[in-house]
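Per our numbering, residue 145 is the first one in the sequence shown, and the count goes up by one each step. From the three backbone atoms N, C-alpha and C, an ideal C-beta is built for every residue, glycine too. One structure is given below, encoded as structure tokens.
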Amino acid sequence: MPDKIRVLIADDHAVVRQGLSVFLGTQDDIEVVGEAADGEQAVARVKELAPDIVLLDLLMPKLDGIGVIRALQSLDRKPAVIVLTSFTDDEKVFAALQSGAAGYLLKDVQPQELTEAIRRVSEGESLLAPSVAAKLVRELQRREPRAVANDLTDRETQVLTEIARGRSNKEIAQTLGIAEKTVKTHVGNILQKLNLADRTQAALYAVRERIVDL
């Protein structure tokens, strides 16, 4: 049996923590290893339990979600953070992603979408709620481009297009008829050439530069 994805739930509402814990406990490949009711406790529990994923609300007592994300970046074994919140204002979205969040989902997300997000983020991908992605696209459209798509090879452009369509490395490999390991190499080259931090920024770049029309 493959190792389960270890998840820590950080939310100041007990009913939310309990609901998420019960639901995620029904998944064969996901294990809830702990909970936290405030930001300071979340950081401490991460250090104690070393989860793979943290489901994190932004509005937390003692230390807010942005502070938690920033604190976790200094850890040798830092987990991937999926923000799970009701806030969609631009300041919080941008701050969370700039601080290192791998995903930003709203609490009205469908249960199956949440579990899929956990799985994909555990594989090194990034996920955003559609409304959040739209905000980021609008923000990036106001900024100067960091590089030009001409720096990419034809194959890298194809991979970038598939990233922007939300496809995983495995799906990209199947679509393009190449090995998944090769896709990972292309993704790394794309991020390096365009001076981008992660797949989320790559997808937004592709939309902004009209490499793909979603």
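Problem set entry | Cross-strand partners of residue 227 (DSSP beta bridge) | Along the sequence shown, one-based indexing puts residue 227 at 83. Residue 227 pairs with 200, 248.
Exercise. For residue 207, does the three-state DSSP call read helix, strand or coil?
Worked result: Walking along the sequence shown from the start, residue 207 turns up at place 63. Residue 207 falls in the coil class under three-state DSSP.
Exercise. Would you report the Cα separation of residue 226 and residue 151, rounded to the nearest angstrom?
Worked result: By one-based count along the sequence shown, residue 226 stands at place 82. By one-based count along the sequence shown, residue 151 stands at place 7. Distance between the alpha carbons of residue 226 and residue 151: 10 Å.
Exercise. So does the stretch 165-178 actually touch the stretch 211-221, counting three or more Cβ pairs closer than 8 Å?
Worked result: no
Exercise. Measuring CA to CA, which of 169, 173, 159 is closest to residue 180?
Worked result: Counting from 1 along the sequence shown, the entry for residue 180 is found at position 36. With distances taken between Cα atoms, residue 180 lies closest to 159.
Problem set entry | the stretch 234-252 in contact with the stretch 265-272 per 3-pair CB rule at 8 Å | yes
Problem set entry | Helix, strand or coil at residue 343 [DSSP, three-state] | The residue given as residue 343 occupies position 199 in the sequence shown. Correct three-state label for residue 343: helix.
Problem set entry | Beta-carbon gap between residue 197 and residue 243 smaller than 8 Å | In the sequence shown, the residue the question calls residue 197 occupies position 53. In the sequence shown, the residue the question calls residue 243 occupies position 99. No, the pair does not count as a contact, with Cβ atoms beyond the cut-off.
Problem set entry | Contacts around residue 201, its chain only, beta-carbon distance under 7 Å, and the 5 residues preceding and following it disregarded | On the sequence shown, residue 201 is found 57 positions in, with the first residue counted as 1. Closer than 7 Å at the Cβ level, and outside the excluded window around residue 201, lie 154, 155, 156, 209, 228, 229.
Exercise. Which residues in the same chain as residue 177 place their Cβ atom closer than 7 Å to its Cβ, once the five residues preceding and following it in sequence are excluded?
Worked result: In the sequence shown, residue 177 corresponds to position 33, counting from 1. If we look at residue 177 and ignore the five residues flanking it on each side, its Cβ neighbours are 150, 151, 152, 193, 195.
Exercise. Using 8 Å as the threshold, is the stretch 246-262 in touch with the stretch 322-332, meaning 3 or more CB pairs across them?
Worked result: no
Problem set entry | Limits of the beta strand (DSSP E) - the one that residue 355 falls within | On the sequence shown, residue 355 is found 211 positions in, with the first residue counted as 1. Looking at the DSSP string, residue 355 is not in any beta strand (DSSP E), and its letter there is neither H nor E.
Problem set entry | Pairwise C-alpha distance: residue 188 and residue 352 | By one-based count along the sequence shown, residue 352 stands at place 208. By one-based count along the sequence shown, residue 188 stands at place 44. Cα to Cα, the separation comes out at about 39 Å.
For this session: Could you pull out every residue in the same chain whose Cβ sits closer than 7 Å to the Cβ of residue 304, ignoring the five residues on either side in sequence?
Result: Numbered from its first residue, the sequence shown carries residue 304 at position 160. For residue 304, where only same-chain residues beyond five positions count, the Cβ hits under 7 Å are 296, 334, 346, 350, 355.
Exercise. Does DSSP put residue 334 in a helix, a strand or coil?
Worked result: Walking along the sequence shown from the start, residue 334 turns up at place 190. Reduced to three states, the DSSP call for residue 334 is helix.
For this session: Compute the Euclidean distance between the alpha carbons of residue 268 and residue 341, then round it to the nearest angstrom.
Result: In the sequence shown, the residue the question calls residue 268 occupies position 124. In the sequence shown, the residue the question calls residue 341 occupies position 197. Distance between the alpha carbons of residue 268 and residue 341: 12 Å.
Exercise. Around the Cβ of residue 183, are there at least 16 other Cβ atoms within 10 angstroms (buried) or fewer (exposed)?
Worked result: For this step, residue 183 is matched to residue 39 along the sequence shown. Residue 183 should be labelled buried.
For this session: For the alpha helix (DSSP H) holding residue 262, just list the boundary residues, first then last.
Result: For this step, residue 262 is matched to residue 118 along the sequence shown. Counting along the chain, the alpha helix (DSSP H) containing residue 262 begins and ends at 255-266.
Exercise. Can you name, in chain order, every residue of its own chain whose Cβ lies under 8 Å from the Cβ of residue 315, other than the five neighbours on each side?
Worked result: Within the sequence shown, the letter at position 171 stands for residue 315. Here the set comprises 306.
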